[in-house]
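Sequential numbering of the sequence shown, starting at 150, is according to the numbering used here.
C-beta atoms are modelled at their ideal positions from N, C-alpha and C, and glycine is treated no differently.
Here the structure comes first, spelled out in structure tokens, and everything after it is commentary.
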Amino acid sequence: MSNKFNTEPTVSVGIMSAIEIRFNFHGAYEADGALVEGQQTATVNPDGTVLWNDSSYGELLFKATSPKCFFLLEDVTIGVDFHWERKESQAFRGNLKLLGGDALTAVNIVPVESYLESVISSEMSATASDSLLKAHAVISRSWLLAQIGEKGERSTEGMTETEDERLVWYDRDNHERFDVCADDHCQRYQGITRQTTPAVAEAVAATRGVVLTDADGNLADARFSKCCGGVFEEFESCWQPHHYHYLEARSDSDSATEFPDLRDESNAREWILGNPDAFCNVTDKAVLSQVLNNYDQETPDFYRWKVVYDKETLSRIVRERSGIDFGYITAMEALERGTSGRIIRLRITGTKRSMVIGKELEIRRTLSESHLYSSAFVAEMADKDVDGVPATITLYGAGWGHGVGLCQIGAAAMGAQGYDYEHILRHYFPGADLTTLY
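Okay, here's the thing in structure tokens:
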């Protein structure tokens with residue numbers, strides 16, 4: 150992973166795709182030699198070109214004539230495939246590029262530091278503590294520049310798809326025509342739609358150009374999720390089989406090196422069904438509101454949670470989400486767990502067939518109509534019939550997200566307890582260095 154930045158770059162962010170896109174310019178934009186303002190509509194032609202104002206383009210760039218200009222996009226989908234998925238209008242500064250293809254794609258081109266101000270406000274509340282805002286600015290910048298720097302270089306080697314096992318991962322794939330997308334698949338970026346504060350701008354400015362690097366000076370792949378569940382997960386449990394020394398198992402507490410081996414099934418079961426102390430084991434609404442926007446707060450349980458299915462519902466969900474008809478589910482066996490207790494390989498047995506699936510996000514996708522909060526769970530089967538089919542299946546789980554890197558809720562709790570942002574970063578990325586690129 151290279152380090153090739155000595156001046157602030159721009160980032161191109163894929164916002165939405167649709168056959169028709171409606172947008173409204175507030176201020177003058179320049180496109181195809183003319184100044185444009187107000188309400189506009191563009192569509193995609195059958196040949197994949199962009200149709201706007203009765204003219205066709207391979208791609209079309211609208212350039213803002215002033216830093217105060219912004220544009221409004223209608224019907225942007227946020228939370229794709231998650232339980233909070235919805236459409237809303239969103240406003241963006243910077244330039245707008247329209248790309249043709251099977252659908253029309255809207256791309257926002259904006260300086261990295263301006264992008265980060267929006268990410269911090271989109272990923273969490275703009276009223277979060279100074280420590281949390283600065284810590285998140287550093288990791289969001291690190292992750293973004295790492296993605297730009299290694300664009301086109303990532304490999305999917307190691308994915309497995311056989312008759313008996315499906316082992317895949319869903320990393321931040323190379324977006325061919327822009328750097329990153331605007332949704333949870335990359336980082337939440339919602340332009341100037343989310344309320345921001347001077348504190349956000351100050352946190353981004355105070356850490357301008359600061360990133361995490363590894364021992365060799367390479368940009369750190371700084372991951373983050375909502376709630377680790379008490380112990381951090383390792384990178385290779387969720388994505389490519391590569392170990393980063395700064396993404397390793399630790400307890401989300403002051404006693405960072407003291408935690409049970411959750412790769413052991415009995416330890417994992419006791420941990421998940423218990424309620425151990427951790428920074429992210431917090432119910433203080435003032436702390437949670439720093440991380441959880443309104444739609445995130447629709448989920449009241451995240452450190453420990455429970456989902457109950459009847460046999461028909463679970464059978465249908467697994468069939469629809471995996472494309473495999475297992476029949477009624479009779480057993481789920483964790484064959485391999487990671488350091489946080491998250492399942493890496495899960496054997497699902499049904500009345501029609503059995504198969505092993507992984508890694509963590511594939512498991513979460515398969516067992517929920519949106520996504521399970523995490524793959525750190527134990528399954529309880531109740532009221533089995535003579536064929537071994539349970540009437541109800543209850544999943545008892547821990548954490549929200551993949552659990553790798555910074556735990557947003559844990560970091561919010563640390564900030565509320567007075568830890569500074571450098572201490573927070575050292576806790577979640579042990580051994581990483583702070584480096585100023587520009």
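Counting along the chain, I473 sits inside no beta strand (DSSP E), nor does DSSP assign it H or E at all. Per DSSP, reduced to three states, the secondary structure at D532 is strand. Sequence-distant partners of A286 (beyond 5 residues in either direction) whose C-beta falls short of 7 Å from its own C-beta, in its chain, are L265, I269, A352, V353, T356.
A direct Cα-Cα distance of roughly 14 Å separates A284 from L293. The beta-carbon distance between E518 and I466, rounded to whole angstroms, is 6 Å. This is short enough to meet the 8 Å contact definition.
The C-alpha of S271 is placed about 24 Å away from the C-alpha of L253. For G499, the enclosing beta strand (DSSP E) begins and ends at 492-499.
Sorting A369, C218, D459 by C-alpha distance to the C-alpha of L544 places D459 at the top. For A167, the uninterrupted beta strand (DSSP E) run begins and ends at 159-167, by DSSP. A distance of 8 Å or more separates the beta carbons of N173 and F241. In the DSSP annotation of this structure, the continuous segment of the beta strand (DSSP E) that includes A183 starts and ends at 183-193. H392 is positioned such that its CB atom lies no closer than 8 Å to that of E382.
S524 is the residue among I288, S524, W201, G249 whose C-alpha sits nearest the C-alpha of I421.
With contacts defined as CB atoms closer than 8 Å, L396 and R412 fail to qualify as a contacting pair.
Only buried fits K375, as 16 or more other CB atoms lie within 10 angstroms of its CB. A Cβ-Cβ distance of about 6 Å is found for the pair R290 and V360, placing them in contact under the 8 Å criterion.
For T515, the uninterrupted alpha helix (DSSP H) segment begins and ends at 509-515. If you compare the alpha carbons of G243, P390, N367, I164 with that of G487, the shortest gap goes to P390. With a cutoff of 8 Å on beta-carbon distance, M563 and F428 are scored as near each other. If you compare the alpha carbons of I288, W318, K501, G490 with that of E419, the shortest gap goes to G490.
By the criterion of a C-beta distance shorter than 6 Å, D401 is surrounded in its chain by C377, G379, A427, F428, C429, C556, G559, once the five residues flanking it on both sides are discounted.
In the three-state reduction of the DSSP assignment, T311 falls in the coil class. Distances from the alpha-carbon of I573 to those of D279, V162, I170, S161 put D279 closest. Classified as buried, Q239 has 16 or more neighbouring CB atoms from the shown chains inside 10 Å of its CB. Its chain contains T498 as the residues whose beta carbon lies nearer than 6 Å to that of A480, once the 5 sequence neighbours on both sides are disregarded; these appear in chain order.
Going by DSSP, R418 is part of no beta strand (DSSP E) but of the alpha helix (DSSP H) stretching over 414-422.
In its own chain, leaving out the 5 sequence neighbours on each side, no residue places its CB closer than 6 Å to the CB of T462. A residue is called buried when at least 16 other Cβ atoms come within 10 angstroms of its Cβ; I258 meets this threshold and is buried.
Under the three-state reduction of DSSP, G197 is assigned to coil, being neither helix nor strand. DSSP places E482 in the strand class (E or B) of the three-state scheme.
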